[in-house]
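Chains as they are written, first to last, in the numbering used here: chain A, 2 to 272; chain C, 181 to 449; chain F, 36 to 343. We put the CB at the ideal spot given by N, CA and C, even for glycine. The structure displayed is predicted, hence computed values, not measured ones.
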Amino acid sequence: MSETKTDDKAQAKPAAATPVEPLLVVENLFAYYTAEPSVKNVSLDVRPNEVVALIGPSGCGKSTFIRCINRLHEEIPGTKVQGRVRLAGTDIYGPDVDPVAIRAHVGMVFQKPNPFPSMTIFDNVASGLLLRGGTKRRDVKDIVEDSLKKAALWDEVKDKLSAPGLSLSGGQQQRLCIARTLAVKPKLILMDEPTSALDPISTSRIEELISEMKKFITIMIVTHNMQQASRISDRTGFFLLGDLVEFGPTWQIFNKPKDDRTDQYISGRFG
Amino acid sequence: MLTLIWVAAAVALIPLALVFAWILGAGLPAVSWDFFTQIPAPLGQSGGGMANALIGTLTLVGLASCVGVPLGILCGVFLSEYAESKLARITRFTLDLLTSVPSIVIGLFIYALLVVPMRGFSAWAGAAALAIIMLPIIGKTTEEVLKLVPDNIREAGLALGISRWRVIMSIVLKGSSGAVATGVILAVARAAGESAPLLFTAFSNQFWPSGLGQPTPSLPVQIYVYAISPYAEWHQLAWAGALVLVSVVFVLNLSTRILMSRSGVVRAR
Amino acid sequence: MASSTHDVRRSDRAFKRGLQVAAWAILALFGALFWFLFMSAKPAFDAFGWQFYVTKVWNPVLDQYGALAFMWGTLVSSLLALVIAVPVSVGAALYLTELAPRPLRAPVGFLIEMLAAIPSVVYGIWGIFVLAPFLRKWVQPFLSEHLGFIPLFEGAPFGLGMMTAGIILAIMITPTITAITREVFRSIPDLLREGALALGATRWEMLRIAVLKTGAAGILGATVLGLGRAMGETMAVAMVIGNRADISLSLLKPGATMASVIANEYAEAGSDMHLAALTAVGLGLFFVSLIVNSAARAIIWRVERTGS
């Protein structure tokens, strides 16, 4: 997937009526931990440079769903995935496809910031490059700086790149994890409740960051926080008990939901 | 009744004080530069030292570590990262059994395995016995340490597109290297103090160790030999040896305490 | 978009296989241990049968062997060690968890653990030159004179013997029993202690009801583990027990344990049958240690699971 395609799409507004080639297409996805599916027949698509939010009560399959997109779900023994997931046209569950290779194209940021312990800030950001191989040493330094700038962390850490990753505050650590993910230049970033462990100030900084990041990357974010979803996303999907009940433009989900269940969740009748 | 509890605690500590006092009292006078550089003097002559035994212990423990450390760490990695597999469960159980085997029985095993076919005592045999003693300590410590690394660290590594083995070795294991080193140091301290399994594997030698295929002296065995001998000069050497041995073991144990508390501080941030 | 390189999948599989080889090596090691022990001991079984373990005679000159004296010695020395060590260890554990002022807990605990780090041979040399002469000069004559009518204290004061061995073993297993008992006590919820005090119990009564009684299973596990350690101790025992293959009720007499006879006789064993007999003793020690240690671990594991 070339850089130019993304650049072109940077001009297009996701809410416009112009039909746009989706980056990610999910068709009839089922995911199992045991015999009963935790994700039931979910289909959606994600366009380049848009932010898609997934909302819904806890335990209803949102996190499981995104872990199927970067093939992390199957790392748990005994799990199963059915359905089709196409990233930039390629079926990521195809017979010849290596899950490890896929994961470099789909990044993930976790709920609890998890910088690698006993690694410096620099090494954390560079870890994906160094441990995957294939990047020249002299490029690594540039990529690290670039990623930290894109994650809005560079100014705060540029003088202490060899400090331990864990010496940063919670909000900074999460931005460090974002920089780490950006360094391997994925096409899509999955975020699993990235701000739920952070204080309000760090949370709003990361929300700003996500809006900035839209310019050069695509994001799918799982969140418990409905206000957050309505603030930062272009389209929103509502999950309930493993089903994708409704999926559409954010303003429509929050103001004129088509399904009663969506309406009830939005208005706080259950949570 | 409550006073009995105080008394018990004191009784537990008194032997420590007594043992220490005697080792210092009887050992210190005999420790000299000669002790560290000379081999034992011929019978009837005074002077001499235990330099050969010191070199021997270094050789035996060093050799044992070459096998015991990598094998122990690999075992610990396996038990932690593939913990649910049947092989892991059986191995964990076996490792526990191995810890229960008295060290002299391990000596009997190595005698039959190595000493008999090689037709003689050797450093190889002694090192093999020590390696078997070190293995479970290193394996179990590594397993426990790796289990403390939260799963989302592994997930973060996998999510970057790093292969599983690199996640384990370069992120999980490397990140816990201080704690793993603690297990290794404890195993080394234990091996350095063992004499029973060396009695008929490495045996003993009054002279400089002449080769890895030859009987090799070691500090604990020489202490034993000299202590049960009827010669006063040898008793003196034995006390000096005991002082050196205890000092080394203590320093190693203390260093693990310092290492552990330091890595604890980093984690607490 | 790139699809695969099987290389990564292959290296992951190779890595897992390498780890499995390491695991199999441990299993093979254990199997080999048992196999070689058994094969080396076999000549003794062929000659003496399983009665080997209940025969008292041990005569290298006549090549007649039986392990009973050593099993007796192991039993007596370990039991004596437990009788001394368990009250002391439980008391020390109570002190550390209930009575000691907070700043003292870590240092005192550390010191008790250091007892475990002292090598066996160092206890041995201290036993030969300090404890045994002390017992011979001050304690044993007293016991022999005033209590000599009891079989336990009959005989001449010799110093080296079962009593010295038992005391040294007690010192060596105290840290083990204390450490585990301490953990057991620490995991007893404070609620139980407070409840007893609220009912009007004195400090000691509270400890007895809330701590000792609740932790009884854990103390048992710690004791059995201490027993396992005592049975396997070699060097210190070999140096102070006097090395006589004999069965006697008197603690003042010299004796021998399964571990000590191997240490004392193996390197200079005369005949092949002597070696085989010693190995057979070792095999017996192997099994007994395995059983006792596994039992201890099972008890402790169950205590951890059910919260005692």
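Any C-beta of chain C under 8 Å from that of residue i
{"i": "V158/A", "result": "no"}
{"i": "V126/A", "result": "no"}
{"i": "K113/A", "result": "yes"}
{"i": "D81/F", "result": "no"}
{"i": "P195/A", "result": "no"}
{"i": "N328/F", "result": "yes"}
{"i": "G95/A", "result": "no"}
{"i": "V86/A", "result": "no"}
{"i": "G154/F", "result": "Here residue 154/F is Pro; the residue named in the question, Gly, does not match the sequence. Interface residue, yes."}
Rounded straight-line distance, which links the Cα of residue j to that of residue i
{"i": "D81/F", "j": "R171/F", "result": "43 Å"}
{"i": "A420/C", "j": "A120/F", "result": "29 Å"}
{"i": "S309/C", "j": "S398/C", "result": "The sequence shown places Ala at residue 309/C, rather than the Ser named in the question. Taking the straight line from one Cα to the other gives about 13 Å."}
{"i": "F249/F", "j": "T216/F", "result": "The amino acid occupying residue 249/F in the given sequence is Thr; Phe does not appear at that position. Computed Cα separation, rounded: 12 Å."}
{"i": "S350/C", "j": "M274/F", "result": "48 Å"}
{"i": "K113/A", "j": "D331/C", "result": "11 Å"}
{"i": "A60/F", "j": "F273/C", "result": "14 Å"}
{"i": "A11/A", "j": "A57/F", "result": "Note on A11/A: pLDDT 44, under 50, position unreliable in the model; no value is reported."}
{"i": "A361/C", "j": "Y262/C", "result": "21 Å"}
{"i": "I212/F", "j": "L223/C", "result": "43 Å"}
{"i": "S302/C", "j": "V157/F", "result": "24 Å"}
{"i": "F73/F", "j": "D307/F", "result": "15 Å"}
{"i": "D235/A", "j": "E208/A", "result": "13 Å"}
{"i": "L129/F", "j": "A251/F", "result": "13 Å"}
{"i": "K327/C", "j": "S260/C", "result": "6 Å"}
{"i": "G263/F", "j": "T196/A", "result": "53 Å"}
{"i": "L184/C", "j": "E240/F", "result": "14 Å"}
{"i": "A214/F", "j": "I276/F", "result": "27 Å"}
{"i": "I254/A", "j": "T263/A", "result": "8 Å"}
{"i": "R449/C", "j": "L167/A", "result": "Because R449/C sits at a pLDDT of 30, beneath the cut-off of 50, its placement in the model cannot be relied upon, and the point is left open."}
Beta carbon proximity, residue i to chain F, threshold 8 Å
{"i": "V360/C", "result": "no"}
{"i": "G373/C", "result": "yes"}
{"i": "M181/C", "result": "yes"}
{"i": "S156/C", "result": "The question about residue 156/C has no answer, for chain C in this structure spans 181 to 449."}
{"i": "S283/C", "result": "yes"}
{"i": "P195/C", "result": "yes"}
{"i": "N332/C", "result": "no"}
{"i": "Y411/C", "result": "no"}
Buried/exposed call for residue i, threshold 16 Cβ in 10 Å
{"i": "D99/A", "result": "buried"}
{"i": "Q228/A", "result": "exposed"}
{"i": "F322/F", "result": "exposed"}
{"i": "L169/A", "result": "buried"}
{"i": "G261/F", "result": "buried"}
{"i": "N29/A", "result": "exposed"}
{"i": "F105/F", "result": "buried"}
{"i": "I326/F", "result": "exposed"}
{"i": "R340/F", "result": "exposed"}
{"i": "Q402/C", "result": "buried"}
{"i": "D124/A", "result": "buried"}
{"i": "S324/F", "result": "buried"}
{"i": "L286/F", "result": "buried"}
{"i": "Q175/F", "result": "buried"}
Distance between beta carbons of residue j and residue i, contact taken as under 8 Å
{"i": "V223/A", "j": "E247/A", "result": "Rounded, the Cβ-Cβ distance is 16 Å, inconsistent with contact."}
{"i": "L288/C", "j": "G159/F", "result": "Not a contact, Cβ separation roughly 20 Å."}
{"i": "L54/F", "j": "F258/C", "result": "4 Å"}
{"i": "F50/F", "j": "W304/C", "result": "30 Å between Cβ atoms; not a contact."}
{"i": "T258/F", "j": "S283/C", "result": "Not a contact, Cβ separation roughly 22 Å."}
{"i": "L146/F", "j": "L193/C", "result": "6 Å"}
{"i": "E335/C", "j": "L73/A", "result": "6 Å"}
{"i": "L423/C", "j": "I203/C", "result": "5 Å"}
{"i": "E148/F", "j": "V246/F", "result": "That pair is no contact at about 21 Å."}
Test: residue i CB closer than 8 Å to a CB of chain A
{"i": "L342/C", "result": "Inspection of the sequence shows that residue 342/C is occupied by Ile rather than by Leu. With 8 Å as the cut-off, I342/C counts as an interface residue toward chain A."}
{"i": "A339/C", "result": "yes"}
{"i": "N232/C", "result": "no"}
{"i": "R370/C", "result": "no"}
Minimum Cβ-Cβ distance from residue i to chain B less than 8 Å
{"i": "S119/A", "result": "Considering every chain present, this structure includes no chain B. Its protein chains are A, C and F."}
Task: Every unbroken alpha helix (DSSP H) within the stretch 342-385 of chain C, with a cutoff of 4 residues, ordered by chain - done: 357-373
- [ ] Please list the segments of the alpha helix (DSSP H) lying wholly inside the stretch 268-343 of chain C, counting only runs of 4 or more residues, in order along the chain.
- [x] 283-290, 303-327 and 331-339
Open item on the list: In chain order, what are the residue ranges of uninterrupted alpha helix (DSSP H) at least 4 long that sit wholly in the stretch 392-448 of chain C?
Closed with: Counting only runs of 4 or more, we get 399-407 and 412-448.
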